[in-house]
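Novice: The following block contains the structure, expressed as structure tokens.
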Amino acid sequence: MDHLLNAIQPFYEVEADMFLSEWKSGVYRKYSDCPSYESLKTIIRASNTIRNYLGWEQLSIKRLVFNEI
């Protein structure tokens with residue numbers, strides 16, 4: 008199953024970078040206001056389904072933002 012995560016990872020990295028750039032711009036008040044929020048949330052949801060099955064730690068947008076600060 009981890010091969011599925013390996014396939015999703017590049018998409019996650021691109022969307023996470025876009026989201027963080029949008030968030031750091033200060034233009035948006037809520038995560039959900041960022042244009043890339045929905046696509047990042049969808050990728051995280053798909054990844055977390057697999058990660059849960061494997062017993063791995065879950066991804067989250069909140070953790071992504073706080074790890075970046």
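The numbering of the sequence shown is the numbering used here, which starts it at 8 and goes up by one.
Note that CB positions come from ideal geometry on N, CA and C, so glycine has one too.
Because the structure is a prediction, the values reported are computed rather than measured.
1. In chain order, what residues of the same chain have a beta carbon less than 8 Å from the beta carbon of residue 46, not counting five sequence neighbours either side?
2. How would you label residue 44, buried or exposed, when you count the other beta carbons within 10 angstroms and need 16 or more for buried?
3. In chain order, what residues of the same chain have a beta carbon less than 7 Å from the beta carbon of residue 24, not counting five sequence neighbours either side?
4. Leaving out five residues before and five after residue 18 in sequence, what residues of the same chain have Cβ atoms less than 7 Å from its Cβ?
5. Decide if residue 54 is buried, meaning its Cβ has at least 16 other Cβ atoms within 10 Å, or exposed.
6. Report the residue from 39, 20 and 28 whose alpha carbon sits nearest the alpha carbon of residue 66.
Specialist: Concretely, from the data shown:
1. 22
2. buried
3. none
4. 50
5. buried
6. 20
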